[in-house]
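Numbering (the working numbering), first residue to last: 23 to 167. This report refers to the structure that appears directly beneath it.
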């Protein structure tokens with residue numbers, strides 16, 4: 023019997039730019055100065071933007087949120103809640119210090135049950151970061167429909 027390899031969707035630069043544009047529009051509409059980072063399924067940067075006036079520390083934080091969302095296959099809000107709540111030891115999980123930001127504002131990009139990438143946002147309060155990230159994910163998913 024021949025070996026069967028599953029198909030894997032790939033997050034393209036075009037798709038990342040679409041997500042960035044939607045996130046940027048949401049941030050600008052609210053007057054929020056943020057960094058938005060989009061990574062592929064391996065957590066590697068595909069594209070990012072830093073809006074004028076955003077603090078430079080948000081660059082690494084946004085990228086870390088996107089990477090964590092991919093690595094843990096869930097919104098980083100859930101991870102932060104575990105660390106701050108019932109499972110503080112979760113912060114010491116192997117790899118947790120490997121460029122991850124275990125803070126709200128990162129979302130996985132899931133298509134047909136597969137995580138194909140992640141989007142991370144930093145610059146405003148965490149719940150608003152997640153709103154900006156969500157706009158990017160929603161725009162990308164809508165474009166695939």
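A virtual CB, placed ideally from N, CA and C, is assigned to each residue, including glycine.
- Secondary structure at residue 105: helix, using DSSP grouped into helix, strand and coil.
- A direct Cα-Cα distance of roughly 9 Å separates residue 97 from residue 152.
- Measuring C-alpha to C-alpha distances from residue 54 to each of 103, 28 and 74 identifies 74 as the nearest.
- In terms of CA proximity to residue 50, 72 leads the group 94, 72, 66 and 32.
- When beta bridges are read from the DSSP output, residue 28 appears opposite no residue.
- The beta carbon of residue 133 sits closer than 6 Å to the beta carbons of 31 from its chain, once the five residues preceding and following it are set aside; these are given in chain order.
- Straight across, the Cα-Cα distance linking residue 124 with residue 164 is about 27 Å.
- Burial check for residue 87: the Cβ neighbour count within 10 Å reaches 16 or more, so the residue is buried.
- Counting along the chain, the unbroken alpha helix (DSSP H) around residue 82 starts and ends at 79-94.
- For residue 143 and residue 25, the gap between their C-alpha atoms comes out near 40 Å.
- Note on geometry: alpha-carbon atoms of residue 84 and residue 77 lie some 11 Å from one another.
- By the neighbour-count criterion, in which 16 or more other beta carbons inside 10 Å mark a residue as buried, residue 102 falls on the buried side.
- Across the set 23, 93 and 33, the C-alpha of 93 shows the shortest separation from the C-alpha of residue 121.
- The residue among 167, 156 and 107 with its C-alpha nearest the C-alpha of residue 58 is 156.
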